[in-house]
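**Q**
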Amino acid sequence: MDFSQIPSPCYVIDEHLLLANLELIRKTGRRADVDIIPAFKGFAGWGVFPLMRQYVKAVSASSAHEARLASEEMKTPAHTYSPAYTDADFDRILSCSSHVTFNSLTQYRRFYERTLRCGHSVSVGLRVNPELSQAGAALYDPCAPGSRLGLTCEQVGASLPAGVEGLHVHALCESPAEATCRLMDAVETKFGHLFAAVKWINFGGGHLMTRKGYDTELLVKALQTFRKKYPHIRLILEPGAAFVWETGVLRATVEDIVRNGDVRTAILDVSFTAHMPDCLEMPYKPRIRGATDALPGKPAWRLGGNSCLAGDFTGEWSFEEEPCAGKTVVFEDMIHYTMVKTTTFNGVPHPSIGTWNNSTGFTLLKRFGYDDYKNRLS
Ligand SMILES: Cc1ncc(COP(=O)(O)O)c(C=O)c1O
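Residues 49 to 426 in the working numbering are what the sequence shown lists, from first letter to last.
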């Protein structure tokens, strides 16, 4: 990537890396004979949908807006699940969805009739909670005690309500294939008595099959074994992060250096809270090109965001070349759960969005300005 072509700040999607992920996911889906569809909640950069479209037959949506984006920009139907549908959004969701999953029996009772009257066939599912916590961070664990997400086997009972054709389970986060195997076992143990009545099971997201070292063979084998045992059940996986894992960066610039006692901070033209919120929420320490965890004998640096939130920083880092105003800072792997979660907090400038192609260089997809900030408010 030639950063002299790329404005700062900017999210840059590398087309070749994206294509490599799409190839791997398509191959895995074909070998296992399952549908692997991208979850828009993790990535919805519609500027690259023309590229993704050849690999994607459907998408996973969690709102009317995501379902509409699926229909208008990906040109595919959505498999939609939301913790709570509303009267106002349900017709739009139906018009853009082939599958609709309810989070509770009250939501099912309130909206099921409308799925029958919408003018096209919509397959109805229920979200179930296998009560198997494997997601690591509590923030991302749908099976944590007291979770509001999905029905436990006790709540579902002996049979499914009329018209329910599918089960939806999301219980993983950046997980290895072994966790998917355990999840499938738990779902069979807790909900196997319903399998004769279902046409599909969606094993949700969190299957990080594009991470180096992920055991795709194990995943494929487990899915094939399940398919052999229950040939009438279509399997769906809906990872978000895996589609765009390590496919691009957030390019930023050091704007100032400040010191307080022993602490040195390089202040950037981006914000952790506004542009890389998982660094603070999850939390995790991002990887930065040309930097490592602080090394003994080398200056340790904090990187500070340009919002005035006191906690808008990460650290500590040692750099190959010491930071100074004007230096480029490249945050690795900043495509999933970044652009979809950004805010215009403090009115800080939103990073541009662009693509990188080794043959044709940088293409700017979008630049943000004052109107984007102003139009979110009134
Ligand atoms: C219902 C559902 N499906 C799919 C996903 C995508 O998960 P991931 O991006 O970890 O693969 C999520 C993430 O929160 C989710 O809640």
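Each residue gets a CB set at the ideal place from its N, CA and C atoms; glycine is no exception.
(1) For the pair the region 91-104 and the region 324-338, tell me if three or more CB-CB distances fall below 8 Å.
(2) Does the beta-carbon of E329, which I'm using as the reference point, lie nearer than 7 Å to any heavy atom of ligand 1?
(3) For H147, count neighbouring C-beta atoms within 10 Å of its own C-beta (all shown protein chains included) and say buried if the count is 16 or more, exposed if not.
(4) Is A358 helix, strand or coil by DSSP?
(5) Do you know how far the Cα of G205 is from the Cα of H127?
(6) Under three-state DSSP, which class holds L316?
(7) Determine the DSSP secondary structure at T376, reduced to helix, strand or coil.
(8) Are the CB atoms of P57 and D317 within a distance shorter than 8 Å?
(9) Just to confirm my understanding: we take S319, look at its own chain, exclude 5 residues before and 5 after, and list those with CB closer than 6 Å. What are they?
(10) In the DSSP assignment, find the alpha helix (DSSP H) that holds T154 and state where it starts and stops.
(11) Out of G214, R175, V212, state which residue places its alpha-carbon closest to the alpha-carbon of S195.
(12) My understanding is that V212 touches V172, with C-beta atoms under 8 Å, so please give their C-beta distance in whole angstroms.
(13) So, does the region 229-236 touch the region 153-173, judging by three or more C-beta pairs under 8 Å?
(14) Could you round the C-beta distance between K375 and V297 to whole angstroms and report it? I think they count as a contact, below 8 Å.
(15) Rank E226, K89, F379, L283 by C-alpha distance to the C-alpha of G261 and give the top, closest one.
(16) Assuming A112 and R78 make a contact with CB atoms under 8 Å, what is their CB distance in whole Å?
(17) DSSP three-state label for A106, please.
(18) Answer with buried or exposed for P224, where buried requires no fewer than 16 other C-beta atoms within 10 angstroms of its C-beta.
(19) K435 by DSSP, collapsed to three states: which one?
(20) Can you find the residues in the same chain that come closer than 6 Å, C-beta to C-beta, to I85, ignoring five residues on each side of it along the sequence?
(21) What did DSSP end up calling G184 once you bin it into helix, strand or coil?
(22) Rounded to whole angstroms, what is the Cα-Cα separation between W404 and T295?
(23) Starting from V297 and walking both ways along the alpha helix (DSSP H), at which residues does that stretch end?
(24) Can the beta-carbon of P371 be found closer than 8 Å to that of A314?
(25) Would you tell me roughly how many angstroms separate the C-alpha atoms of E202 and F291, rounded to the nearest one?
(26) Run through DSSP, which three-state label would F150 get?
(27) May I ask you to report which of helix, strand or coil DSSP gives N177?
(28) Compute the beta-carbon to beta-carbon distance between T392 and D419, rounded to the nearest angstrom, for a pair I have assumed lies under 8 Å.
(29) In this structure, what does DSSP give as the bridge partners for Y129?
(30) Would you kindly check if the distance between the Cβ of K238 and the Cβ of I281 is under 8 Å?
(31) For L199, tell me which candidate among A183, R312, L180, S152 has the shortest Cα-Cα distance.
(32) If you draw a straight line from the alpha carbon of N177 to that of V388, how long is it in whole angstroms?
(33) For S108, is the beta carbon positioned less than 7 Å from some heavy atom of ligand 1?
(34) Closest by CA to L215, which one among E236, C221, E222?
(35) Which term fits K89, buried or exposed, when burial requires 16 or more other beta carbons within 10 angstroms of its beta carbon?
**A** Here's the rundown:
(1) These segments do not touch.
(2) Counted from its first residue, the sequence shown places residue 329 at position 281. No, the beta carbon of E329 sits no closer than 7 Å to any heavy atom of ligand 1.
(3) Numbered from 1 along the sequence shown, position 99 holds the residue referred to as residue 147. The residue is buried, with at least 16 neighbouring Cβ atoms inside 10 Å.
(4) Position 310 of the sequence shown holds residue 358. The answer is coil: DSSP assigns A358 none of H, G, I, E or B.
(5) For this step, residue 127 is matched to residue 79 along the sequence shown. For this step, residue 205 is matched to residue 157 along the sequence shown. H127 and G205 have their C-alpha atoms spaced approximately 25 Å apart.
(6) As a first step, residue 316 is located in the sequence shown; it is residue number 268 there, counting from the start. L316: strand per DSSP, three-state reduction.
(7) Against the sequence shown, residue 376 aligns to sequence position 328. Residue state, collapsed to three classes: strand.
(8) Indexing the sequence shown from 1 puts residue 317 at position 269. Indexing the sequence shown from 1 puts residue 57 at position 9. Contact: yes.
(9) The residue you call residue 319 lines up with position 271 of the sequence shown. Correct list, in chain order: G353, N354, S355, D360, V396.
(10) The residue you call residue 154 lines up with position 106 of the sequence shown. Its alpha helix (DSSP H) spans residues 153-164.
(11) Here the question's residue 195 lines up with position 147 in the sequence shown. Nearest Cα to S195 within the set G214, R175, V212: R175.
(12) Taking the first residue of the sequence shown as 1, we reach residue 212 at position 164. Taking the first residue of the sequence shown as 1, we reach residue 172 at position 124. Confirmed, Cβ separation roughly 5 Å.
(13) No: fewer than three Cβ pairs fall under 8 Å.
(14) As a first step, residue 375 must be located in the sequence shown, where it is residue number 327. As a first step, residue 297 must be located in the sequence shown, where it is residue number 249. In fact, because the Cβ distance is near 15 Å, the residues do not count as touching under 8 Å.
(15) For the purposes of this step, residue 261 is taken as the residue at position 213 of the sequence shown. The shortest CA-to-CA distance from G261 to any of E226, K89, F379, L283 is the one to E226.
(16) Numbered from 1 along the sequence shown, position 64 holds the residue referred to as residue 112. Numbered from 1 along the sequence shown, position 30 holds the residue referred to as residue 78. Not a contact, Cβ separation roughly 31 Å.
(17) As a first step, residue 106 is located in the sequence shown; it is residue number 58 there, counting from the start. It is coil, neither helix nor strand.
(18) Translated into positions along the sequence shown, residue 224 becomes position 176. Taking every protein chain shown into account, the CB of P224 has 16 or more other CB atoms within 10 angstroms, so this residue is buried.
(19) Examination of residue 435 is not possible in this model, given that the chain is present from 49 through 426 alone.
(20) Residue 85 sits at position 37 when you count from the first residue of the sequence shown. If we look at I85 and ignore the five residues flanking it on each side, its Cβ neighbours are A106, V107, S108, E286.
(21) Indexing the sequence shown from 1 puts residue 184 at position 136. The answer is coil: DSSP assigns G184 none of H, G, I, E or B.
(22) Counted from its first residue, the sequence shown places residue 404 at position 356. Counted from its first residue, the sequence shown places residue 295 at position 247. Cα-Cα distance, rounded: 10 Å.
(23) Within the sequence shown, residue 297 is the residue found at index 249, counting from 1. If you look at V297, you'll find it isn't in any alpha helix (DSSP H); it sits in the beta strand (DSSP E) that goes 296-308.
(24) In the sequence shown, the residue the question calls residue 371 occupies position 323. In the sequence shown, the residue the question calls residue 314 occupies position 266. Yes; because the gap between Cβ atoms is below 8 Å, this pair is in contact.
(25) As a working mapping, residue 202 is identified with position 154 in the sequence shown. As a working mapping, residue 291 is identified with position 243 in the sequence shown. Those two C-alpha atoms are separated by around 34 Å.
(26) As a working note, residue 150 is residue 102 in the sequence shown. The answer is strand: DSSP assigns F150 an E or B state.
(27) Taking the sequence shown and counting its residues from 1, the one referred to as residue 177 is at position 129. Here N177 sits in coil by DSSP.
(28) Taking the sequence shown and counting its residues from 1, the one referred to as residue 392 is at position 344. Taking the sequence shown and counting its residues from 1, the one referred to as residue 419 is at position 371. That pair is no contact at about 11 Å.
(29) On the sequence shown, position 81 is the one that residue 129 refers to. The bridge partners DSSP lists for Y129 are T149.
(30) Translated into the one-based positions of the sequence shown, residue 281 becomes position 233. Translated into the one-based positions of the sequence shown, residue 238 becomes position 190. No; because the gap between Cβ atoms is not below 8 Å, this pair is not in contact.
(31) Residue mapping note: residue 199 aligns to position 151 of the sequence shown, counting from 1. Proximity to L199 across A183, R312, L180, S152 peaks at S152, based on C-alpha coordinates.
(32) Counted from its first residue, the sequence shown places residue 177 at position 129. Counted from its first residue, the sequence shown places residue 388 at position 340. Linking N177 to V388 through their CA atoms gives a straight-line distance of about 26 Å.
(33) For the purposes of this step, residue 108 is taken as residue 60 along the sequence shown, with counting starting at 1. Answer for S108: yes, Cβ within range of ligand 1.
(34) For this step, residue 215 is matched to residue 167 along the sequence shown. If we check each option's Cα against that of L215, E236 comes out closest.
(35) For this step, residue 89 is matched to residue 41 along the sequence shown. In this structure K89 is buried. Its beta-carbon is surrounded by 16 or more other beta-carbon atoms within 10 angstroms.
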